[in-house]
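To start, the structure itself, in structure tokens.
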Amino acid sequence: MKVTHKLRLSEHDAHYGGHLVDGARVLGLFGDVATEILIRHDGDEGLFRAYEKVDFLAPLYAGDFIEVEAELISVGKSSRKMHFKCFKIITARPDISASAADLLAEKILVTEAIGTCVVLVDKMRGHHE
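Counting from 577, one number per residue, gives the positions in the sequence shown under the working numbering.
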């Protein structure tokens, strides 16, 4: 099972100089796609338990558009292991103008992670997808 969300990073998301977006913003978005997988799989939002690995591979800036995905890779009694990826698909071009942007010919992997979520057994409502 795989879930994908697409969104634009705004000025509100910028945390550092040069309109750089911090990696914690992407981790929050990984939580959103994980929650959707848990709802589809178990009928409950569940809880994020831990990350095994997180790799920040490229920067993100206000104005960039991203694609965030989670894929369910293993299922335990109450645990759900997922593979997360965040890609930049449109890059802001403030060097040209405040509203300029380029559609990327190839999306850029900016963050990748493996994480585990849990759903309490008494909260599970069966497989929905």
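Ideal Cβ placement from N, Cα and C applies to all residues, glycine included.
Here the alpha carbon of residue 602 sits roughly 18 Å from the alpha carbon of residue 648. Residue 621 and residue 589 have their alpha carbons spaced roughly 24 Å apart. Taking all protein chains shown into account, residue 651 has fewer than 16 neighbouring C-beta atoms within 10 Å of its C-beta and is therefore exposed.
DSSP, read as helix, strand or coil, puts residue 600 in helix. The residue among 684, 596, 694, 582 with its C-alpha nearest the C-alpha of residue 658 is 694.
Note on residue 585: 16 or more other CB atoms within 10 angstroms of its CB, so buried under the neighbour-count rule.
Pairing residue 583 with residue 644 gives a Cβ-Cβ distance under 9 Å.
For residue 682, the secondary structure class from DSSP, reduced to helix, strand or coil, is strand.
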